[in-house]
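A short write-up of the structure that comes next.
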Amino acid sequence: MKDLKPQIVRSFRMEMIGTGCYGELAKQYGKRLPELSEKFRNFSEHERTHGKLLAKCHSDLYGSDIQGEHFWLFIGKVSAFLQYFLPLKVKLKILSGVEMLAVQEIERALADGTESSFHKVISDILPDEKEHAGFYDEWCAVR
Ligand SMILES: [Fe+2]
Ligand SMILES: [Fe+2]
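Numbering (this note's numbering), first residue to last: 4 to 146.
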């Protein structure tokens, strides 16, 4: 079986970026759009949980922790700052696009039928990523 380590580390980083980005967006919209802010908070918690599952998978397989959690959380926050002046719908479109890529990547990884603790984790997190990917449409449908 192909070495999973780089894939686990990469996925962990993306989850930390997501945690930081959604967490920052939740703060930015806390007063203006509390309902949306709650959604972002919820997504941030999903990504944090995904990150924890991947970190556990890594330490079970390789006996070591993944480094750089705070750095990647920070990068996620920065990405939310960089989008600050964009219209909300554009932000949601970008986020949905990134999440759609995540969904495709997971589906591709699962399609080869490999069984591992990493594959178990990504199949468990897939429904959340689908929810995140669909949020742009969900938000626009009622507005
Ligand atoms: Fe995630
Ligand atoms: Fe996600």
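Ideal placement from N, C-alpha and C gives every residue a C-beta, glycine not left out.
Span of the alpha helix (DSSP H), counted from its first residue to its last, around residue i
| i | result |
| --- | --- |
| L129 | 120-136 |
| S67 | From DSSP, S67 is part of no alpha helix (DSSP H); its letter is neither H nor E. |
| V106 | 91-114 |
| G21 | 8-31 |
Option nearest residue i by Cα separation, candidates the options
| i | options | result |
| --- | --- | --- |
| R13 | S120, A58, Q31, E41 | A58 |
| V101 | C143, I69, E134, S126 | E134 |
| I20 | L98, P90, Q31, K92 | L98 |
| P90 | Y139, I69, A112 | Y139 |
| W75 | F88, Q31, Y25 | Y25 |
| K42 | A29, R35, D127 | A29 |
Which of helix, strand or coil DSSP assigns to residue i
| i | result |
| --- | --- |
| R35 | coil |
| R146 | coil |
| T117 | coil |
| K5 | coil |
| F88 | coil |
Legend entry - Touch test, the region 96-111 against the region 48-59, Cβ-Cβ under 8 Å, three pairs minimum: no
Inset, instruction - Tell me, please, whether the region 117-126 touches the region 77-90 by the rule of three or more beta-carbon pairs shorter than 8 Å. - result: no
Inset, instruction - State whether the region 58-68 contacts the region 86-102, with contact taken as three or more CB pairs (one from each stretch) at a distance under 8 Å. - result: no
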